[in-house]
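Here is the structure we will look at, set down as structure tokens.
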Amino acid sequence: MAVKVISPGLSTSVQDLGRPGYYHLGIPEGGGMDRFATRIANLLVGNDPGAALLEATFMGPELEFMQDAVVAVTGGELPPKVNGEERPTWESFPVKTGDRLSFGYLKGGARAYIAISGGIDVPVVLGSRTTYVLGALGGFEGRVLKAGDELPIGTGAGTSGKSLPANLRRPQVSPAELRMLPGLYWHRITEAAGKRFFEDTWKVAPEADRIGYRFRGGAPLEFVEREQPFGAGSDPSNIVDACYPYGSIQVPSGTEPIVLHRDAVSGGGYMMVGVVISADMDLIAQLQPHTPAKFAPVTLDQALAARADNAALQARAEEYLAG
Amino acid sequence: MSIRFNFGGDEHIFGEVSEAMSLDSFFIGLSMTNAVKAANIKGVTEICPANASFQIRFNPDLIKPQDLLKELQSMEDAASKSDSVLKTRIIELPVYFQDPWTHETCMRFRERHQDPNSTDLEYSARINGFATIDDFIAAYSGQPWFVSMVGFVAGLPFLYQMVERQKQIQAPKYLRPRTDTPKLTIGHGGCFAAIYSVRGAGGYQMYGVTPAPIYDPTRKVRYLTDEMCLFKPGDIVKFKSVGRDEYDTLLEAIDANTWQPTVHAADFSLTEFNKDMSGTNAKLMELINGR
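So the sequences go chain by chain: Z and B. If you read the first sequence in our numbering, its first letter stands for residue 46, the second for the next number, and so on. If you read the second sequence in our numbering, its first letter stands for residue 33, the second for the next number, and so on.
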């Protein structure tokens with residue numbers, strides 16, 4: 046049983062909840078960039094929350110179903126249509142053999158999660174079905190979808206008409222506030238530069254993908270003068286190549302911050318000013334280019350409290366769907 | 033030496049052994065990550081050694097960040113005193129320097145380079161005080177390199193040459209990173225060589241290509257069937273400079289899946305290496321040269 050790709054959209058790939066444990070080899074965790082939306086889409090169609098689904102960026106694919114199934118679309122507001130007729134987001138609906146699933150224009154957010162009952166049954170590689178495009182690993186042939194691909198679908202037993210109300214989702218606010226724990230190489234920039242970094246409103250640059258999100262529009266960072274350590278390279282933003290945490294904010298040459306996301310490069314030679322907290326990683330997944338954003342410093346305790354709040358929201362949503 | 037610990041958000045602890053690169057710092061980082069692995073700490077999800085630092089990822093729902101930090105700090109003393117002895121291996125890797133593919137790419141991105149009027153090789157040879165490119169390549173492939181980190185992308189090794197600091201080759205990264213680097217390019221940035229395991233963006237100076245795959249997600253390459261990635265930290269690598277004809281012959285054998293690199297088990301002691309670098313290297317190279 047399968048689903049055929051008629052048109053792939055802009056960048057659509059198979060994702061699940063990721064492939065932890067191989068970062069020391071440079072293989073990132075991956076998985077749906079918006080983990081909440083990934084879990085909920087799966088639960089709406091009766092799948093395990095970590096089943097494989099499709100992540101569509103900015104534009105939806107067109108799919109032809111070669112079997113009956115239940116589908117749900119969550120994340121960004123990308124209106125689904127069955128044979129041209131609109132269907133709701135965050136709600137499961139039936140699709141029959143021969144039906145075509147397509148999408149209208151994106152109305153909000155950046156990435157939609159398309160779950161199909163039974164899950165996408167591509168081979169498990171290193172413990173996951175997630176696509177790591179840079180390393181041509183996992184997913185459907187290690188790449189984003191192309192027209193003509195036939196995606197194998199597992200057996201599932203979803204029911205249609207299940208939905209998650211808006212009060213159980215996290216709202217999008219503008220400008221986006223990305224909370225971060227200052228640290229790592231924060232001491233490399235001047236106090237004034239650190240202050241400006243939080244005061245400035247940044248904008249998402251066009252270079253924003255699963256690897257990282259680049260931001261523009263704030264003042265360049267001024268560095269504390271020093272003699273560069275041996276092996277680091279001559280630019281004041283250079284360090285001896287080190288590991289990059291997920292969510293870390295590197296600032297090459299002090300100009301444009303890049304926040305690394307689920308397909309992060311695992312290390313490199315640029316200083317980082319800190320790390321976006323785990324609770325706000327999903328928010329980044331739904332930022333379109335040109336969206337204004339601000340960085341806000343928090344303490345480790347505040348980061349843990351935000352993580353707990355997120356977990357509580359997720360638990361309420363999952364209880365609601367189980368009930 | 034004391035490790036600078038820092039929280040990377042609520043899921044990572046970063047430990048910087050030193051700001052500057054040295055094999056002594058690398059070995060302390062490696063001892064730390066080995067100790068963390070052996071301790072099998074609940075909640076630890078990723079253990080990543082790097083050149084002169086390391087990173088531990090954890091699930092704060094399973095272990096309190098401050099508790100993990102204390103546990104790491106308690107390991108520091110033992111790690112900095114441990115014997116820097118490794119049971120490792122030396123791998124000989126053929127490299128076609130001054131190849132047409134990195135040359136073409138290098139010309140395509142000249143405006144992003146410090147010196148648009150030279151090639152990466154000409155520039156690097158000059159700023160490191162070599163009279164000719166051949167002299168530069170001879171130095172590059174004459175002494176072995178130590179894999180001090182794997183990462184950036186899947187299976188990419190960072191290599192630190194096993195020579196005195198004054199003999200270390202250094203080069204800046206491109207002013208702005210390129211959007212393209214040929215697959216299996218040998219590049220250089222700061223004091224590190226790197227082998228680009230896959231085609232993609234990059235900022236290192238480009239000197240040549242190896243015909244030998246070092247990462248294979250399909251696990252079909254005969255020496256990459258068990259592990260997708262050839263290199264791990266602690267491996268020793270010796271580049272062997274080859275010309276176009278030998279490169280083409282090797283490529284044919286690799287395509288037929290009949291070739292594999294020369295690999296020999298080797299013991300490495302940092303103390304002995306620091307006492308006598310050229311002597312240690314000569315012994316290591318005898319292993320692959322079969323003398």
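For glycine and all other residues, C-beta sits at the position ideal for the given N, C-alpha and C.
- Here the C-alpha atom of Gly276/Z lies approximately 9 Å from the C-alpha atom of Gln200/B.
- Between Thr213/B and Met181/B, the gap from beta carbon to beta carbon reaches 8 Å or more.
- In the displayed model, Thr217/B falls within a strand according to three-state DSSP.
- Proximity of Phe46/B to chain Z, defined by a Cβ-Cβ separation below 8 Å, is satisfied.
- Contact with chain Z is absent for Ala225/B, since none of that chain's Cβ atoms lies less than 8 Å from the residue's Cβ.
- When beta bridges are read from the DSSP output, Arg188/Z appears opposite no residue.
- Arg261/Z is positioned such that its CB atom lies no closer than 8 Å to that of Ala253/Z.
- Val274/B and Leu256/B have their C-alpha atoms spaced approximately 23 Å apart.
- The way I'd put it, the stretch 188-196 of chain B doesn't touch the stretch 264-274 of chain Z; fewer than three beta-carbon pairs between them come closer than 8 Å.
- Excluding its 5 nearest sequence neighbours in each direction, Ala324/Z has C-beta neighbours in its own chain below 6 Å: Ala351, Arg352 and Asn355, listed in chain order.
- The Cβ atoms of Phe86/B and Glu43/B lie no closer than 8 Å to each other.
- In the structure shown, Thr312/B falls within a helical segment according to DSSP collapsed to helix, strand and coil.
- Leu226, Gly228 and Leu229: these are the residues of the stretch 213-232 of chain Z whose beta carbon lies less than 7 Å from some beta carbon of chain B, given in chain order.
- Within 9 Å of the CB of Phe275/Z, the CB atoms of chain B belong to Glu51, Ala52, Met53, Ser54, Arg197, Gln200, Gln202, Gly222 and Cys223, in sequence order along the chain.
- Across the structure, Ser54/B and Leu302/B are spaced so that their CA atoms are roughly 11 Å apart.
- By the CB criterion at 8 Å, Thr204/Z and Tyr158/Z fall outside the cutoff.
- Counting along the chain, the unbroken alpha helix (DSSP H) around Leu88/Z starts and ends at Arg80 to Leu89.
- The stretch 248-268 of chain B and the stretch 201-220 of chain Z do not touch, with fewer than three beta-carbon pairs separated by less than 8 Å.
- Residue pairing of Thr134/B in beta bridges, as defined by DSSP: absent, with no partner found.
- For Ala117/Z, the uninterrupted beta strand (DSSP E) segment begins and ends at Ala114 to Glu122.
- With its beta carbon at least 8 Å from every one in chain B, Asp79/Z lies outside the interface.
- In summary, the residues of the stretch 171-203 of chain Z whose CB is separated from some CB of chain B by less than 9 Å are Leu171, Tyr177, Leu179, Gly180, Ala181, Leu182, Gly183 and Gly187, in the order they occur in the chain.
- Here Glu124/B really is in contact with Ile320/B; their C-beta atoms are around 5 Å apart, less than 8 Å.
- Residue range Leu55 to Ala71 is occupied by the alpha helix (DSSP H) that includes Met64/B.
- Three or more beta-carbon pairs separated by less than 8 Å are not found between the stretch 137-144 of chain Z and the stretch 67-82 of chain Z, which leaves the two stretches without contact.
- Across the structure, Asn149/B and Arg140/B are spaced so that their CA atoms are roughly 12 Å apart.
- At a cut-off of 8 Å between beta-carbon atoms, Asp42/B makes contact with chain Z.
- With three or more CB-CB distances shorter than 8 Å, the stretch 331-347 of chain Z counts as touching the stretch 219-227 of chain Z.
- Interface annotation, Ile322/Z: in contact with chain B, CB-CB separation under 8 Å.
- DSSP places Asp245/Z outside both helix and strand once states are collapsed to three, so it counts as coil.
- It is roughly 7 Å from the alpha-carbon of Leu171/Z to the alpha-carbon of Arg64/Z.
- By the Cβ-count criterion, Val218/Z is exposed, with fewer than 16 other Cβ atoms from all chains shown falling within 10 Å of its own Cβ.
- Chain order gives no chain B residues near Ile329/Z, where near means a beta carbon separation below 9 Å; the closest approach is about 13 Å.
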